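This report concerns only the one structure given below.
Numbering (mature numbering (1 follows the signal peptide of the UniProt record, and there is no 0)), first residue to last: -24 to -1, 1 to 822.
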């Protein structure tokens, strides 16, 4: 070969090699190098290996980052604590199989310690972002970056789980310095498996225990799991691993431990060219490790956030009152086994429900509740025990720390307390026998009296007996029934209600006889008919004194039945508030079931709000008055009434308007009564209306006061915009919530305001309402405000409002099996533009 030919060959070979690295290849063989400016790119063009400089820094590092994504987020760094000061660095795949990073002076700054016995190997970057040295047939892996991570956890990255604590990921020192920082994250398998974040050597955050499905200490973890993201823990040979696998492998997801100690789960949004935040920890004060100190419980939505467990008191009361809870709590009474000789009674256990169980549990194989209790009692250092499905018997022999409540309280902790902390009295066998005998005698007498009363009632007029029988059959007891069934407008008497065996005390509910109601409504004539809906027909009536009423008559073929009817009587009969519709009485005779309400001449909110011909009648002052009234009515239901009520079906058609356009919440057929210490319940029957149901309720059956807050947020946005939430189904935004967020995010929220009021309203006041609405419709119930906070924000002249998080569950229809949803009325009622919560559809001219 001539010198000229050799020169030409070398020139084109060098040019080809340069072009290859400039455009990126996915693999190199031993003896090759990557210089600053050249890249190794994965086959799917998602990841690249090469030199980079962090933001606001001129130092050079070798790392793996996203290839074409804006910002090119870095997921792995080689020489993270030894930067290169110029652009003469080289990344070399040596003949011995070692990877090295050298600077311009050929000084080694990092090496992989990956010597391999054969030269038949290749270095390449996988489509998932893993840099590998493997045999050419990919059967033997000699080294991989996934086993030496920095601050990012990627799908299909295996985390080896061995005994004790393992700090796997380490944060950067700052946003521009990738050297190891103050925060680390990994797994702790000393008890039940859990994720832990440390600040230096101190715990900073933990996930709670893994129960083979979720980390039970992460709020909304169940909702995320239902959204088809999955963690899994598995064994392979002698080793166990923890891994994360998204259901949609085409999505780009990463977990990033930031330099400031915040771990975020991010998903790339291709359409908006940005990373969407799915989860972050710690997300609030209660998620910081042991925020309330030993034996304290943290509840973010409560005020104060920290409380002592039952049987405990603040260790430093003065600091506690100043909201410095770090010292925690101490026992009020010493345990008997710890030296309390003043009593011969043994220690006992009290049930305590919580969302996040304490740290440092000792786990025993699955045993019965009784055996677990015996294990705890046999150890004087044991403070509590719990039996958790898929984990086993958990015992705490240290102080109980880092406990949290966040809505769902599905775990039962059995807290060990001194006998003096219990107010029950132990009865002797003789006392128990005496009580049982007395109860039998009392029951026999009661049965005899009831038999006598039944014989007398048979002599009464048949319709009255029929009405009473129906009520008793279905759990509602009626006393002082009318003895006359003449065609009159007199009431039969007060109704004394009992549901599920327990009386609901309060004002008596008048019971009207059927003939009275028929006379008041002109025998249920078509002229008096206001409309119809899922419940049945609604008629206008007038009592002899001239008072107008609305009569809600249950249809025999109604989708709603006796349970809803009974529930509405129980709930609303005990409520008195200017922003709740007033129930005047009921009528039950044979198969007839009716409710009598005060008449609302202006019908319901949707009658005006969504009708182009009537929208102009709702100026901004009226709309804001309606918003405030609804908020005050909900606050009364949630906090100020004797019964704690969750409405569960708040929507525009369930807001009635009186003659002065004051709002009144109606239709309590779906409502639920909470106990004094209940925060959340679960139901297998999801009821409500598309577009208004909160994500946790629609997808998991979990409901709380925050479910109503979500519905209120949707309703608030509808009032401001004059548009239905569901009117966006065939658009790119899917729902009003998605449209509102888009405008909010782009600082164009003013475009959401109804054009009819945009020029005449107080812009700052409307923008504040939109802000409050976006806070109310956040995916996580924990992040939504309470109604007391909502009213404070609405009525404050210059409130400082928190920033809302982007709602992602904006289309309930897309994620819910329609067979599990109970809609008010039939499906053809769903899009009815004028359906009212008293169950009727408005007719023109009425």
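Glycine residues also receive a C-beta, built at the ideal position from the N, C-alpha and C atoms. Treat the numbers as computed from the prediction; the structure is a model and nothing was measured.
- With at least 16 other beta carbons inside 10 angstroms of its own, residue 380 counts as buried.
- Within the same chain, and ignoring the five residues on either side of residue 693 in sequence, the residues whose Cβ sits closer than 6 Å to its Cβ are 712, 716 and 749.
- Closest option to residue 595, judged by alpha-carbon separation, among 121, 733, 315 and 21: 733.
- If only complete runs of 3 or more residues are kept, the stretch 283 to 369 shows the beta strand (DSSP E) at 288 to 290, 305 to 307, 324 to 330, 338 to 340 and 360 to 364, in order along the chain.
- Look at residue 783 here: in three-state DSSP terms it is coil, with no helix or strand label.
- One thing to note: residue 363 has its Cβ within 8 Å of the Cβ of residue 345.
- Just measuring C-alpha positions, the residue of 579, 669, 580 and 638 sitting nearest residue 623 is 669.
- Minimum Cα-Cα distance from residue 179 among the listed residues 167, 51, 158 and 33 corresponds to 158.
- DSSP places residue 644 in no alpha helix (DSSP H); its state is neither H nor E.
- Taking C-beta separations shorter than 6 Å and ignoring five residues to either side along the sequence, the partners of residue 336 in its chain run 374, following chain order.
- Going by C-alpha positions, residue 354 is about 13 Å away from residue 372.
- The alpha-carbon of residue 523 is positioned some 32 Å away from that of residue 665.
- Residue pairing for residue 526: DSSP places it in a beta bridge opposite 516 and 573.
- Here the alpha carbon of residue 279 sits roughly 35 Å from the alpha carbon of residue 148.
- Straight-line measurement puts the Cα of residue 189 at about 14 Å from the Cα of residue 171.
- Counting only residues of its own chain and dropping the five nearest sequence neighbours on each side, residue 759 has a CB closer than 7 Å to the CB of 781.
- Out of 236, 155, 427 and 254, the CA that lies nearest to the CA of residue 195 is found in 254.
- Residue 80 is positioned such that its CB atom lies no closer than 8 Å to that of residue 58.
- DSSP places residue 48 in the coil class of the three-state scheme, outside both helix and strand.
- Here DSSP, grouped into helix, strand and coil, assigns residue 507 to strand.
- The Cβ atoms of residue 544 and residue 645 lie closer than 8 Å to each other.
- Straight across, the Cα-Cα distance linking residue 627 with residue 30 is about 50 Å.
- Pairwise C-beta distances place the stretch 98 to 117 out of contact with the stretch 134 to 145, as fewer than three of them are shorter than 8 Å.
- Taken atom to atom, the span from the alpha-carbon of residue 218 to that of residue 207 is near 7 Å.
- DSSP places residue 148 within a strand segment (E or B) once states are collapsed to three.
- By the neighbour-count criterion, in which 16 or more other beta carbons inside 10 Å mark a residue as buried, residue 299 falls on the exposed side.
- Put simply, the backbone Cα of residue 342 is about 16 Å away from that of residue 387.
- Taken through DSSP and simplified to helix, strand or coil, residue 245 comes out as strand.
- The C-beta distance from residue 696 to residue 728 rounds to 6 Å, short enough to fall under 8 Å.
- According to DSSP, residue pairing for residue 180 in a beta bridge does not occur.
- Nearest in C-alpha terms to residue 359, of all of 771, 389, 240 and 367, is 389.
- Your pair residue 263 and residue 186 does not check out as a contact, with CB atoms roughly 17 Å apart and the cut at 8 Å.
- For residue 777, the closest of 761, 784 and 783 by C-alpha to C-alpha distance is 761.
- When secondary structure is reduced to three states using DSSP, residue 53 falls in the strand class.
- Residue 236 sits away from residue 243, with the two beta carbons spaced by 8 Å or more.
- When DSSP states are grouped into helix, strand and coil, residue 235 belongs to the coil group.
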